[in-house]
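Protein chains in written order, with my numbering: chain D, 180 to 422; chain L, 20 to 470.
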């Protein structure tokens, strides 16, 4: 799915502490333009902290982030929308706050991309969780960012809603937007991510494609290609690294 | 920032309950205050039963007398007398709560009073008061009203008696006719003045040794006449021994209507503005939009300014609605509208800034509403505690505490703006401006910390 268009974002030596707890330890990686990078790891691994630093919301104690491709769009885990406003009103408000040249054109484009044009005048509170998340992501795309950060975008969605959500995200990546998302669902990461960045206790354990992770994890029958269950492979991988 | 303000107004429009509260609350409060200040206090309802026979007209105090009918008419001007047919009926009405109290005049009331006045009896005349003290506030009210009425009745009676005594003294000095109720007839009194003249006339016809005796009697009559002249003033002062000369030492007191309106506006703005701003700010966190907004779209300070602007705008609308409705009941000096607007804007800013500090501390709208109520209500009560009702030290502490909140300066600002007889406007406005800046700074620091 990835199409190499040069480095879109590069993180170097990122570290972050919360009191005595070390949330990130010397994390570094880079992503190419149009690439889909999945940041995976168990709860408390440091995924949200890393995304917060990449988004500029949280300042790192050490290290830095370079975004040569341009703007970074950020989509929080829970839909950050005004539930009493309609879909179009939410999009128009954030388009105006983003200072886009033609807010109305931006709204129409996002309504078309999300497939929610027919629900433009519905209040957000009337939408399903999946549709709310699509609007949530669309708001992150209003300023046409080169890199889009998604914090556990599929959390709380049913399987059908997840599939529609990932189709939407994949289309954005195919259109050239670099997408970095966090998830603790390894199946989702292996299916929709070009690359996986595995975090555990704030450290990077793995950076590469899922087949490589599966090979590193090994299996019970000794053929070296895993046992077909991504979750079992991932758990085995973590255990192998002491987690 | 204007887009955020428009968004908040749009959300407000789509929240019918909150909008209804914003509109109805000041109207209801204005109507209540309007009725209260335009009607004055109601008379207490008292069941009145008179056991004295109607043919017994009143007290016989000589020329003027004391009519029981006139006295009871006077009493019923002060209270709402509810006529009852019997003593039991009066007691039932008290027990049922139909009346505040029952006043029963016993059959022997006038006889005992008459006996006291003529010196033929020492048993004091008394009236019966039956009250239903089912709550302490009502009990205190009944006690105060009844005590006040009895005191007034005693004063009326003592005034009548003093007048009658003055008539007796006049007859004693100058001579004349006096009705004696015990004897049931009137007698002629020569009087000291005429006695002195008679003695002087016959003195020359008496031998010298008897003239000396008569001279002593004449001197006594002169002295008695002169001294009894002083008794006039003495008896007049006994009727009203204490006169009140009120001097205002401190405080430019606004008229009662103005104060009531000021309290109404200050209370309304405090609740509406503080709750609205606190809720609106908490909503940004509840909807998860706070981080999205402050990640480069709007500065934290800008967000606070927008919320304070929203609160001030709503304060202006709500206060003008309130004043418009109050105009139906009381006169408002609209030629002072520039000062009134100034007071509303400063008070609105103060309350909105306080609301923003509360909104930052609370993460949810419900929690912010609870916190706003918990803070605002006691502050309003404390701010209305008048001087002299608590000790000086406690009052100083109350002033110190309430000075840290916008309610008291807002109340002073409205009193000053609404009436030329009120306090100075500049100081409360300055106080409100300082509080606005202080609460804004507090909210700004808290926003950084909590975010």
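Cβ atoms here follow ideal geometry from the backbone N, Cα and C, with glycine treated the same way. Here the structure is a predicted model, which is why all the values come from computation and not from measurement.
Checklist line | Assigned secondary structure, residue 302 of chain D (DSSP; H/G/I helix, E/B strand, else coil) | finding: strand
Margin query: DSSP has residue 195 of chain L in a bridge; who is on the other side?
Written below: L:208
Notebook entry, point to check: Which residues in the same chain have their Cβ closer than 6 Å to the Cβ of residue 182 of chain D, if we skip the five residues on either side of it in sequence?
Noted result: At residue 182 of chain D, the pLDDT of 45 sits below 50, so the modelled position is not reliable and the matter cannot be decided from this model.
Note to self: Output needed in chain order: residues of the segment 214–244 of chain D with a Cβ under 7 Å from some Cβ in chain L.
What the structure shows: 234, 235, 236
Margin query: Quick check on the burial criterion: 16 or more other C-beta atoms within 10 angstroms. Buried or exposed for residue 270 of chain D?
Written below: buried
Next item on the list: With a threshold of 7 Å, establish whether the CB of residue 419 of chain L neighbours any heavy atom of the ligand GDP.
Entry: Among the components of this structure there are no ligands whatsoever, and the ligand GDP is therefore not found.
Next item on the list: Output the boundary residues of the beta strand (DSSP E) element that contains residue 67 of chain L.
Entry: 64–69
Item checked: Assigned exposure category for residue 195 of chain D - 16 Cβ within 10 Å defines buried -> buried
Check: In or out: residue 300 of chain D buried (at least 16 other Cβ within 10 Å) or exposed?
Finding: exposed
Notebook entry, point to check: How would you list, in chain order, the residues of chain L whose beta-carbon sits under 8 Å from the beta-carbon of residue 257 of chain D?
Noted result: 307
Note to self: On the DSSP letters alone, give me the boundaries of the beta strand (DSSP E) that residue 197 of chain D sits inside.
What the structure shows: 186–197
Notebook entry, point to check: So what's residue 438 of chain L in DSSP terms, helix, strand or just coil?
Noted result: coil
Next item on the list: Identify every run of the alpha helix (DSSP H) within the segment 244–321 of chain D, keeping only runs that are complete inside it and at least 4 residues long; order them along the chain.
Entry: 266–277, 282–293, 308–320
Item checked: CB contact below 8 Å: residue 264 of chain D versus chain L -> yes
Next item on the list: Within 10 angstroms of the Cβ of residue 180 of chain D, are there 16 or more other Cβ atoms? Answer buried if so, exposed if not.
Entry: Bear in mind that a pLDDT of 43 at residue 180 of chain D, under 50, signals an unreliable position, so the number given afterwards is only what the model happens to contain. With fewer than 16 Cβ atoms within 10 Å of its Cβ, residue 180 of chain D is classed as exposed.
Check: Roughly how many angstroms lie between the CA atoms of residue 302 of chain L and residue 102 of chain L, to the nearest whole one?
Finding: 60 Å
Check: According to the neighbour-count rule (16 or more other Cβ atoms, all chains shown, within 10 Å of its Cβ), is residue 166 of chain L buried or exposed?
Finding: exposed
Item checked: Under 9 Å (Cβ pairs) to chain L, residues found in the segment 272–302 of chain D -> 272, 273, 275, 276, 277, 278, 302
Next item on the list: Just tell me which of L:117, L:338, L:217 has its CA closest to the CA of residue 282 of chain L.
Entry: L:338
Check: Using a beta-carbon distance cut-off of less than 9 Å, what residues from the segment 320–332 of chain D approach chain L?
Finding: none
Next item on the list: Leaving aside the five residues before and after residue 244 of chain L along the sequence, list all residues of the same chain whose C-beta is less than 8 Å from its C-beta, in chain order.
Entry: 192, 211, 212, 215
Next item on the list: Could you tell me how far apart the beta carbons of residue 300 of chain L and residue 375 of chain L are, in whole angstroms, since I believe they sit closer than 8 Å?
Entry: 6 Å
Next item on the list: Give me whichever residues DSSP pairs with residue 376 of chain D in a beta bridge.
Entry: D:218, D:386
Next item on the list: Classify residue 353 of chain D as helix, strand or coil using the three-state DSSP reduction.
Entry: helix
Next item on the list: Determine whether the Cβ of residue 384 of chain L lies closer than 8 Å to any Cβ atom of chain D.
Entry: no
Margin query: Just to confirm before moving on: does the CB-CB distance between residue 227 of chain D and residue 361 of chain D stay below 8 Å?
Written below: yes
Margin query: So for residue 325 of chain D, helix, strand or coil by DSSP?
Written below: coil
Check: For residue 371 of chain D, which residues in chain L fall below 7 Å Cβ to Cβ?
Finding: Within 7 Å Cβ-Cβ: nothing; residue 371 of chain D doesn't reach chain L, min ~24 Å.
Item checked: Environment of residue 293 of chain L [buried if 16+ CB atoms lie within 10 Å] -> buried
Next item on the list: Answer yes or no: does any C-beta atom of chain D fall closer than 8 Å to that of residue 34 of chain L?
Entry: yes
Item checked: Sub-8 Å separation of residue 309 of chain D and residue 340 of chain D beta-carbons -> yes
Next item on the list: Please confirm whether residue 314 of chain L and residue 235 of chain D have their CB atoms less than 8 Å apart.
Entry: yes
Next item on the list: Quick one: grab the DSSP three-state call for residue 180 of chain D.
Entry: Low local confidence applies: a pLDDT of 43 at residue 180 of chain D is under 50, so the model's placement there is unreliable, with the coordinate-based value given in what follows. Residue 180 of chain D: coil per DSSP, three-state reduction.
Margin query: Counting only C-beta atoms, is residue 197 of chain D closer than 8 Å to chain L at any point?
Written below: no
Next item on the list: With 8 Å as the threshold, decide whether the Cβ of residue 24 of chain L is near any Cβ in chain D.
Entry: no
Next item on the list: Output the distance between the C-alpha atoms of residue 266 of chain D and residue 302 of chain D, rounded to the nearest integer angstrom.
Entry: 6 Å
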